[in-house]
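Below, the structure is given as structure tokens:
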């Protein structure tokens, strides 16, 4: 069915029926004087379907960025790592150009921080060692997009400044996380890490799950993925119900 996770179907459009207005103070719903419907279409997904591609990341809009990442990676990493880097970097470029706030803890600032940490995470997953990788990748992306978006170049220095400031903070978080990971492995002396322990590393110590798995693999330990998913689902239920 179209709602399954098999990959057989992909949503390229949806329809919104805007017929009611909720009063935030009274929490009551009333009909709009002028109801309307609108269609939201994913342009890249339409292009993907028209061109017979399996993913939007196979489109020309991402091609040089993905190609450069592939040329620099030193390990297979995760199948989605190059796509995550390309997606997050493009988002950061346009958000920075549009005046998004400095990366931080709350609201839109937190989104900026998460995007930067996503790039840094998957750079590590792919074992990309070049210290200038980010700046060179930004150059590749700007060169690709500047014909349609010439203003992007003006935000490059600001974006690279964000990376420069966020990288050491992220590294400190990871150092503490790796220390906690080793402490837990020493305590349990097990060949597999259970879900609650891995979830604690992610939610309490700020370690991205891909780097938890990478660190475990380097230590000859596996992650019980099914148990992790169960622990995560339980955590979500608690958060939503709080």
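Residue numbers (our numbering): 1051 to 1292. We treat Cβ as the ideally placed atom computed from N, Cα and C, and that holds for glycine.
Which residues in the same chain have their Cβ closer than 8 Å to the Cβ of residue i, if we skip the five residues on either side of it in sequence?
| i | result |
| --- | --- |
| residue 1068 | 1082, 1085, 1086, 1087 and 1088 |
| residue 1285 | 1249 and 1253 |
| residue 1109 | 1094, 1097, 1098, 1101 and 1103 |
| residue 1158 | 1150 and 1151 |
Between which two residues does the beta strand (DSSP E) carrying residue i extend?
| i | result |
| --- | --- |
| residue 1081 | 1078-1091 |
| residue 1069 | 1063-1073 |
Report the CB separation of residue i from residue j in whole angstroms; it is logged as a contact under 8 Å.
| i | j | result |
| --- | --- | --- |
| residue 1145 | residue 1128 | Not really, about 24 Å apart at Cβ, beyond 8 Å. |
| residue 1176 | residue 1124 | 7 Å |
| residue 1235 | residue 1271 | 6 Å |
| residue 1065 | residue 1092 | With a Cβ gap of about 13 Å, residue 1065 and residue 1092 do not count as contacting. |
| residue 1172 | residue 1260 | 7 Å |
| residue 1202 | residue 1142 | Contact flag wrong, Cβ pair sits at about 11 Å. |
| residue 1243 | residue 1283 | Not quite, the Cβ-Cβ distance comes to about 17 Å (not below 8 Å), so this is no contact. |
First and last residue of the alpha helix (DSSP H) that includes residue i?
| i | result |
| --- | --- |
| residue 1206 | 1206-1238 |
| residue 1142 | 1131-1147 |
| residue 1284 | 1275-1291 |
| residue 1120 | 1113-1122 |
| residue 1260 | 1259-1268 |
| residue 1150 | No alpha helix (DSSP H) holds residue 1150; DSSP gives it neither H nor E. |
| residue 1251 | 1245-1253 |
If I measure Cβ to Cβ from residue i and keep anything under 6 Å in the same chain, skipping five residues before and after, which residues do I get?
| i | result |
| --- | --- |
| residue 1278 | 1245 and 1248 |
| residue 1138 | 1165, 1168 and 1169 |
| residue 1119 | 1132 and 1135 |
| residue 1072 | 1079 |
Keeping to the same chain, check which residues put their C-beta closer than 7 Å to that of residue i; ignore five residues upstream and five downstream.
| i | result |
| --- | --- |
| residue 1153 | 1159, 1162, 1163, 1166, 1212 and 1216 |
| residue 1019 | Absent from the structure is residue 1019, since the part of the chain shown begins at 1051 and ends at 1292. |
| residue 1226 | 1255 |
| residue 1206 | 1188 and 1192 |
| residue 1281 | 1245, 1246 and 1249 |
| residue 1257 | 1224, 1227 and 1251 |
| residue 1182 | none |
Does any heavy atom of the ligand FMN sit closer than 8 Å to the C-beta of residue i?
| i | result |
| --- | --- |
| residue 1222 | Absence of the ligand FMN is noted for the structure shown, with no ligands found whatsoever. |
Worksheet item: Residue ranges of each alpha helix (DSSP H) run of no fewer than 4 residues wholly in the segment 1157-1206, ordered along the chain?
Response: 1157-1175 and 1183-1195
Worksheet item: Using 8 Å as the threshold, is the segment 1179-1197 in touch with the segment 1208-1218, meaning 3 or more CB pairs across them?
Response: yes
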